[in-house]
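Protein chains in written order, with my numbering: chain X, 1 to 198; chain E, 199 to 311. These notes concern the structure reproduced below.
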């Protein structure tokens, strides 16, 4: 124990003392390059957690929502543009991304505690999980949808007339994508009711 | 003998009454689930006319029509052109399932309204 304390004291003394051997420029350069390496490493690690393979490394995702998503237009379509998990569920800009990643630690906890580790548990919690995501998307004005889709970029000549009219109407009414497009990539919960089905 | 004839007639009448009901049997939950999955309610309310007619008005239109089921099943699988509420013509969305029984179930639920 004494040895450990002595080592810590010696290191701290070394770090505190002004340099007598190395120039400020050299120290600054080393810090600059070290910072780049650290930042690069940090972001590489962060982006690794955005890959599809990382998401489906948890069987809860692989056996439930991933299977459903593979049947949808966001997985395979006419133009070969595929949206993966992070495209819709992780913000692109750094600030929101960091917040989401911190939030996602709850999901790690959920995996460790087996919150939805069986199909039955997953179905029992599907409405809760879906509602969380819908609320998050609504609060951000469907920010992740808008990474790829833009109402302004929709063509009235190429898009089907009814769809185009509804999109322009939603723009005028201040609606957001998730208001109408629930269930676009995963099965709707059995408890979900469309407002117009009654 | 007369009794047997009356009895046979009664049985035949019963079968004729029950058979149409059996032909249009449906599971409402399954029908609604398929409709939700295909965004049918985006254009058709049960009571509300939207881009397309309400389902209740569809049921009214086809009441008593013995070809109703076949016509509506074809409507959902063929992508045939439909007239929208605002008058424009557009291909109806093709339902995203190959299970004909599921499609018939949905159609029969609509026709029951």
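We treat Cβ as the ideally placed atom computed from N, Cα and C, and that holds for glycine.
For the pair residue 239(E) and residue 194(X), the Cα-to-Cα distance works out to about 7 Å. At least one CB of chain E lies nearer than 8 Å to the CB of residue 192(X).
Residue 59(X) sits in a helix when the DSSP states are folded into three classes. C-alpha of residue 227(E) to C-alpha of residue 95(X): approximately 43 Å in a straight line. Under the DSSP assignment, residue 112(X) falls in the alpha helix (DSSP H) whose first and last residues are 105-113.
Taking 8 Å as the threshold, the shortest C-beta distance from residue 234(E) to chain X falls below it. For residue 230(E), the chain X residues whose Cβ falls inside 7 Å of its Cβ are 197, in order along the chain. Boundaries of the beta strand (DSSP E) harbouring residue 288(E): 287-289, taken from the DSSP string. Taking a Cβ-Cβ cut-off of 8 Å, residue 124(X) has no neighbours in chain E, whose nearest Cβ is about 17 Å from it.
The straight-line gap separating the alpha-carbon atoms of residue 273(E) and residue 280(E) is approximately 9 Å. In this structure residue 134(X) touches residue 182(X) by the C-beta definition: roughly 6 Å separates them, less than 8 Å. With 16 or more other Cβ atoms from the protein chains shown falling within 10 Å of its own Cβ, residue 307(E) counts as buried. Counted as a single uninterrupted DSSP element, the beta strand (DSSP E) harbouring residue 280(E) occupies residues 279-281. Proximity of residue 249(E) to chain X, defined by a Cβ-Cβ separation below 8 Å, is satisfied.
In summary, no residue of the region 142-158 of chain X has a CB separated from any CB of chain E by less than 8 Å. Interface residue (Cβ-Cβ distance to chain X less than 8 Å): residue 243(E) is classified as such.
Excluding five sequence positions before and after residue 55(X), the CB atoms of its chain that fall closer than 6 Å to its own CB belong to 61, 85, given in chain order.
Within 7 Å of the CB of residue 31(X), no CB atom of chain E is found; the nearest one sits about 55 Å away.
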